[in-house]
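The opening residue of the sequence shown carries number 133 in my numbering; numbering runs sequentially from there. Heads up, the beta-carbon is just placed ideally off N, CA and C, and yes, glycines get one too. Every value quoted in this text rests on a predicted model; they were computed, and no experiment measured them. Worksheet: one structure, shown below.
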Amino acid sequence: MDIADKIKFLRTNILDLSQEKFAKKIDVTRGTINNWEQGLSVPTIAHITMIALVCNITTDYLIEDNHPLELSVRDINDREYQILLQLINYFNDINNKEKHE
Numbered sequence: 133m134d135i136a137d138k139i140k141f142l143r144t145n146i147l148d149l150s151q152e153k154f155a156k157k158i159d160v161t162r163g164t165i166n167n168w169e170q171g172l173s174v175p176t177i178a179h180i181t182m183i184a185l186v187c188n189i190t191t192d193y194l195i196e197d198n199h200p201l202e203l204s205v206r207d208i209n210d211r212e213y214q215i216l217l218q219l220i221n222y223f224n225d226i227n228n229k230e231k232h233e
């Protein structure tokens, strides 16, 4: 499975969420989720990390072609979740500024 298939599998089979609800959990748009699942774009490392945290899996599963699905045993609390969202937004801002320079 490629990363597009893995994201869709996790969203539909592990979390049982719509694209819209999944997007809200990782602070992106529904269109972004759709693009990832269709293979039109790929998530950033920050988003891969967020997907892994939300799905309680390792990032290795998403990144590596033949890595087995491993569920993480650690849940994050609301404070850690908010910190991760802030980090993603920070790195997205930096990335957007670099694109416009």
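Contact under 9 Å by Cβ, residue i with residue j
i: Leu216; j: Thr181; result: yes
i: Leu219; j: Ile183; result: no
i: Ile146; j: Cys187; result: yes
i: Ile158; j: Leu194; result: no
i: Ala178; j: Thr164; result: no
Identity of the residue in the options nearest residue i by Cα
i: Asp225; options: Leu172, Thr176 and Ile139; result: Thr176
i: Thr212; options: Asn221, Asn228, Leu185 and Asp197; result: The question names Thr, but residue 212 in the sequence shown is Glu. Checking every option, the nearest Cα to that of Glu212 belongs to Leu185.
i: Leu172; options: Leu149, Asp137 and Ile189; result: Asp137
i: Met133; options: Asn198, Asn209 and Asn227; result: Asn198
First through last residue of the alpha helix (DSSP H) which encompasses residue i
i: Val186; result: Ile177 to Cys187
i: Thr164; result: Arg162 to Gln170
i: Asn227; result: Asp210 to His232
Integer-rounded CB distance, given that residue j should sit under 8 Å from residue i
i: Gln151; j: Arg162; result: 5 Å
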